[in-house]
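This report refers to the structure that appears directly beneath it.
In our numbering, the protein residues as written are 106 to 200.
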């Protein structure tokens with residue numbers, strides 16, 4: 106069933122790779138970097154003490170900022186590619 110749905114999406118949507126790129130930019134940055142760092146901070150906030158606590162906080166802030174930066178840059182790039190592919194004005198593009 107899943108293979109059939111994937112096949113139908115690939116046939117129905119031209120340039121599916123652009124939307125996969127957008128989905129990856131939105132999800133990977135958040136689910137792979139930012140949320141785990143924030144969850145570790147929340148879970149270990151009361152357990153860690155002193156300098157270990159603040160080292161963890163600084164590390165997780167840096168990781169979360171990298172994730173947010175990846176989300177913003179990746180989403181902007183993907184949306185720019187989608188706009189350039191589907192909304193090209195006739196006479197532009199150098200052809």
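Using N, Cα and C, we set each Cβ at its ideal position, and we do this for glycine too. These numbers were taken from a predicted model, which means no experiment stands behind them.
Original post:
In the segment 122 to 196, which residue ranges form an unbroken alpha helix (DSSP H) of at least 4 residues, counting only runs that do not cross its ends?
Top reply: 140 to 149 and 155 to 191
Original post:
Looking only at C-alpha atoms, which of 176, 187 and 185 sits nearest to residue 129?
Top reply: 176
Subject >> Close-in-space but distant-in-sequence residues of the same chain around residue 124 (CB under 7 Å, 5 per side omitted) >> reply: 118
Subject >> Nearest residue (CA-CA) to residue 164, options 137, 106 and 142 >> reply: 142
Subject >> Inter-residue CB distance, residue 139 and residue 173 (contact presumed, cutoff 8 Å) >> reply: 6 Å
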